[in-house]
Every structure is written in C-alpha cells, then in structure tokens.
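Our numbering numbers the first residue of the sequence shown as 467 and each following residue consecutively. Here the structure is laid out as structure tokens; the discussion comes afterwards.
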Amino acid sequence: MRNHDVVIVGGGAGGIAAAASLLRRRPSLDVAIIEPSEDHYYQPGFTLVGAGIFSTEQLRRSTESLIPKGATWHRAAVTAFAPDDNRITPDGGDTIAYRLLIVATGNRLDFDAVAGLTETLGKNGVTSNYRRDLAPYTWELVQSLKGGTALFTQPPMPIKCAGAPQKAMYLSCSEWERSGALAQMNVEFHTAGAVLFGVAAYVPALELTVDRYGIDVHLGSNLVAVDGPGKTATFKTAEGETTRPFDMLHVTPPQKPVEVVADSALADSSGYVEVDAATLRHTRYPNVMALGDTGNMPNAKTAAAVRKQAPVVAVNALEILDGRDPSAGYDGYGSCPLTVEKGKILLAEFGYGGKLLPTFPSWLIDGTRPSHLAWVLKKDLLPPIYWDAMLKGHEWLAKPQPLQKVNA
Numbered sequence: 467m468r469n470h471d472v473v474i475v476g477g478g479a480g481g482i483a484a485a486a487s488l489l490r491r492r493p494s495l496d497v498a499i500i501e502p503s504e505d506h507y508y509q510p511g512f513t514l515v516g517a518g519i520f521s522t523e524q525l526r527r528s529t530e531s532l533i534p535k536g537a538t539w540h541r542a543a544v545t546a547f548a549p550d551d552n553r554i555t556p557d558g559g560d561t562i563a564y565r566l567l568i569v570a571t572g573n574r575l576d577f578d579a580v581a582g583l584t585e586t587l588g589k590n591g592v593t594s595n596y597r598r599d600l601a602p603y604t605w606e607l608v609q610s611l612k613g614g615t616a617l618f619t620q621p622p623m624p625i626k627c628a629g630a631p632q633k634a635m636y637l638s639c640s641e642w643e644r645s646g647a648l649a650q651m652n653v654e655f656h657t658a659g660a661v662l663f664g665v666a667a668y669v670p671a672l673e674l675t676v677d678r679y680g681i682d683v684h685l686g687s688n689l690v691a692v693d694g695p696g697k698t699a700t701f702k703t704a705e706g707e708t709t710r711p712f713d714m715l716h717v718t719p720p721q722k723p724v725e726v727v728a729d730s731a732l733a734d735s736s737g738y739v740e741v742d743a744a745t746l747r748h749t750r751y752p753n754v755m756a757l758g759d760t761g762n763m764p765n766a767k768t769a770a771a772v773r774k775q776a777p778v779v780a781v782n783a784l785e786i787l788d789g790r791d792p793s794a795g796y797d798g799y800g801s802c803p804l805t806v807e808k809g810k811i812l813l814a815e816f817g818y819g820g821k822l823l824p825t826f827p828s829w830l831i832d833g834t835r836p837s838h839l840a841w842v843l844k845k846d847l848l849p850p851i852y853w854d855a856m857l858k859g860h861e862w863l864a865k866p867q868p869l870q871k872v873n874a
C-alpha cells in the first residue's frame, strides 16, 4: 500500500489546479494525482473548434507536462473509494492511503441516454461540440449547409457550461449570416429548461440575438431519440412527443456523475460528491473535498468556476491537515462567455442564486451586452491564463475569499 498526504482523484482542470495551488503554498507536501489520460484538453475551446477558429491539436497538452513539480502522477483510474478507511483503489495497482482526499473526476457525457444517437454521431449531419473528435464535424456541416433545418439541443441540468449549447447555435448562425445562407435556414433551439438562460439579467440580450437570427425557441423540449439515416429527431414535451426533420443536429448530451463516484459513500442521492457549497468540504467525511463538475454545489459547471474553487480547496485542505477549520469560501462564481457572433461575446458572470459577479467594471466590459473585448478575452487571453496561470497555481483574479465574507 502506498501513502500520501493528499490524494487527488482526477487530473483534469480541477485536479491539476488544486495540486498546483497546494504545492505553491506548501512545497514539501506529499501530493499524488490519480489520472489515467495521457492527454489533457482545454475543453472551453471545443466550441471555437466547432466554429473553425481553433484546431483540436491547439487545445492539447500532455498530462505529464502539466503535473506540478513535486506531485506524483499515478497513471490509473480509481475503481473504488473507501472513505471510512482513508483509502482508494486504482485499477491494476496497490491500494493508496491518504490523509486528505480531493475528488475532481468531472462528470460523464451520456450520449447513450438518447435512443439512436451514439451510432449516428459524426455522420448523417449529427454532431456535438462536447466531444473533441466531433467538433471539427460541426464546422464542416456549418460550411456545407446553404439551406435547410438545423436543430440545437440542451438537456436537463446539470451540464458542463450551460451556455455552450447556445454558443454552438449562435456561432453557426453567425457564419450562415456571413455566407448569405441564413435566410434559407430554419434554426430551432430545443431546451429542456423553462427559460432561455437561468440568470435573468442576460436574457434580454440573448432574446435580441435569437430575433436577429430568426431562431425558433422551444422551451421544455428534451431530445429523446434520433434517427440518423432518416434525419429525424424526437423530443419529449409537456404535450407528448414530437418529431422534427433536420439537415444538421447539434446535440448537447445528457450528463451524469462518474459511476465510481455515484456508487461510493461520498455521493449524495443524485450521485455527485456531497460537499458544503462554500467550503467545498464533504458534509460527512471531514478529510474529503471536491471541486469541479463532480461536486454537488449548485453553481454553473465551468472552467472559470474551477479557477475560483482550486485556491479555496488549497487553503482549506491545508487547514484541515493542520487540524483547523476551513477559513476560505467559494461564492458560486461561474462564467459563461456567450458567443453571440464571431467577434462578440456576452460575458455572463454570476454566483449562487444568480447574483451577478462581474470581474471588470461596466465601462470596460458590460456583461449584459455583447462586447468585442470579451471576445478577445475568450479567444486570445483565457487559453494562456488556463495553461500558464490556473494550472500552475498562479491565482490571477482568483484569490480565495474569507469564509465570513462569502457567508455574509
């Protein structure tokens, strides 16, 4: 059996950022990261791959190159959690014991939940920017279509980046508008939600965008089946089921907790790690923490949220190890840069309860109005901030807040 001070399960954005923040504060700490993947991708860029702006390869780094100095990488997947014994079991290896556990496994894309979807992905006009291998196909479809029906879908929450389904749609419409094809397109947005966007302050600008592109919005409409060869999609609504033809179908897949987490004692009834929403500490296991999409915090599941969570986890983890109570708090911050056209973004930033949490003064970037400066931030600045700041423990505009301030 191997032993570490801190074991981090998951070497994605949350796991590596938390490890880097921990080791910057205490370089002598024995930190292990459990992650099976050889490659690490900048997932927020997938939408821009689907718009022909980035290539998938531009978004890739090797996991080995991102492991913080001083951390141990166990290239494995976890098969079981034993929080009562302070241990985890990786596949093909010895049990690993810890003083403190951080869970950062993300969530799971469940394409299989939609009947007929998996077998037609990447052909018959069916695509999804949520899979890096399919995002280039989105761009191929957008370029080739000169008319017809394009359907864009959004399943029930929680999902990674609640704005991503609309980003794919608006960027596609922006290209069709540029090429002169938009007038020949019938574009429909089918969302399982009851509103266009969950934070009311951003809805007026989004409604103007919908009107500009002539998009037909269907609220309470959830994709349940796809016939790829027949090019039809079936949606469940309050009135029953309805089937729509398509020439292009962009699917946001239903998303679920990672199975090994859902099957463990760490999970709540929905399968996500049960933590205090402010401290990110487990409600039943005091030496367990979670961040990112795997936690049951009611925040927007975005990389921007992880950027704010990682320092909170680092501060509180060290205090727990030292026998003190957590002192740092997470206010639910998340950011959805809603790309309403090529060159303009609605920079939605908000926390728990939909409270607006803008990073910049309104004279520089007004998050409720589309901005070119926000586009520059998204396309040119956020990728290097991710690679060279967030994943290296540099907490630019992400310093942890005192718990008292968050709870006030």
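Glycine residues also receive a C-beta, built at the ideal position from the N, C-alpha and C atoms.
Next on the checklist: Spatial neighbours of Arg-527 within its chain, please: C-beta separation below 6 angstroms, excluding the five flanking residues on both sides.
Outcome noted: His-506
Item to check | Three-way DSSP call (helix, strand, coil) for His-838 in this model | outcome: Helix, per DSSP.
Item to check | Ser-482 (DSSP reduced to helix, strand or coil) | outcome: For the sequence presented, residue 482 should be read as Ile rather than Ser. Helix.
Checklist entry - Relative to the C-alpha of Thr-593, which residue among Asp-677, Thr-513 and Asp-832 is closest? => result Thr-513
Next on the checklist: Output needed for Met-467: all residues of its chain with C-beta closer than 8 angstroms, excluding positions within five of it in sequence on either side, in chain order.
Outcome noted: Leaving aside the five residues that flank Met-467 on each side, the residues in its chain whose CB is nearer than 8 angstroms to its CB run, in chain order, Arg-553, Asp-560, Thr-561, Ile-562 and Ala-563.
Checklist entry - What separation, rounded to the nearest whole angstrom, lies between the Cα atoms of Arg-678 and Val-727? => result 43 angstroms
Checklist entry - Who are the Cβ neighbours of Trp-862 in its own chain at under 6 angstroms, not counting the five residues just before and after it? => result Within the same chain, Ala-855 come within 6 angstroms of Trp-862 by CB-CB distance, once the 5 residues on both sides are set aside.
Item to check | Limits of the beta strand (DSSP E) - the one that Thr-709 falls within | outcome: 706 to 711
Item to check | Cβ-Cβ separation, His-656 to Leu-617 (assumed contact under 8 angstroms), whole Å | outcome: 6 angstroms
Item to check | Which listed residue (Pro-720, Ser-828, Ala-776 and Thr-708) has its alpha carbon closest to that of Gln-620 | outcome: Pro-720
Next on the checklist: Since Leu-637 and Ala-814 should fall inside the 8 angstroms C-beta cutoff, what is the C-beta to C-beta distance between them, to a whole number of angstroms?
Outcome noted: For Leu-637 against Ala-814, the beta-carbon gap comes to about 16 angstroms, at or over 8 angstroms, which does not count as contact.
Item to check | Inter-stretch contact at 8 angstroms, needing at least 3 Cβ pairs: the region 467 to 484 / the region 742 to 754 | outcome: no
Next on the checklist: Looking at Thr-604: is its Cβ nearer than 9 angstroms to the Cβ of Val-515?
Outcome noted: Contact flag set, yes.
Item to check | Within 9 angstroms, strictly: CB atoms of Thr-745 and Gly-817 | outcome: no
Checklist entry - In chain order, what residues of the same chain lie with their CB nearer than 6 angstroms to the CB of Thr-555, ignoring the 5 residues before and after it? => result Hits under 6 angstroms: Thr-545, Ala-546 and Thr-561.
Item to check | Stretch pair the region 668 to 678 + the region 693 to 700: three plus CB contacts closer than 8 angstroms | outcome: no
Item to check | Contact check, Gly-659 vs Gly-686, beta carbons under 9 angstroms | outcome: yes
Checklist entry - What are the start and end residues of the alpha helix (DSSP H) that includes Phe-701? => result Premise fails: Phe-701 lies in the beta strand (DSSP E), 698 to 703, not in any alpha helix (DSSP H).
Item to check | Per-residue burial, Met-763 [other beta carbons within 10 Å of its own, 16 or more giving buried] | outcome: buried
Checklist entry - So which of His-540, Glu-504 and Lys-535 has the shortest CA-CA distance to Thr-529? => result Glu-504
Item to check | Exposure of Arg-644, with buried meaning 16 or more beta-carbon neighbours within 10 Å | outcome: exposed
Next on the checklist: Which residue marks the beginning of the alpha helix (DSSP H) containing Asp-854, and which one marks its end?
Outcome noted: 848 to 854
Item to check | Burial state of Met-623, where buried means 16 or more other Cβ atoms lie within 10 Å | outcome: exposed
Next on the checklist: In whole angstroms, give me the CA-to-CA distance for Ala-485 and Cys-802.
Outcome noted: 25 angstroms
Checklist entry - If you drop the 5 nearest sequence neighbours on each side, which residues of the same chain put their C-beta closer than 6 angstroms to that of Val-806? => result Tyr-636, Thr-675, Leu-812 and Pro-836
Next on the checklist: With H, G and I counted as helix, E and B as strand and the rest as coil, what does DSSP make of Trp-539?
Outcome noted: strand
Item to check | Contiguous alpha helix (DSSP H) assignments of at least 4 residues, all confined to the region 628 to 654 | outcome: The qualifying runs are 630 to 645.
Next on the checklist: For Lys-633 and Ser-494, I'd like the C-alpha separation in whole angstroms.
Outcome noted: For Lys-633 and Ser-494, the gap between their C-alpha atoms comes out near 43 angstroms.
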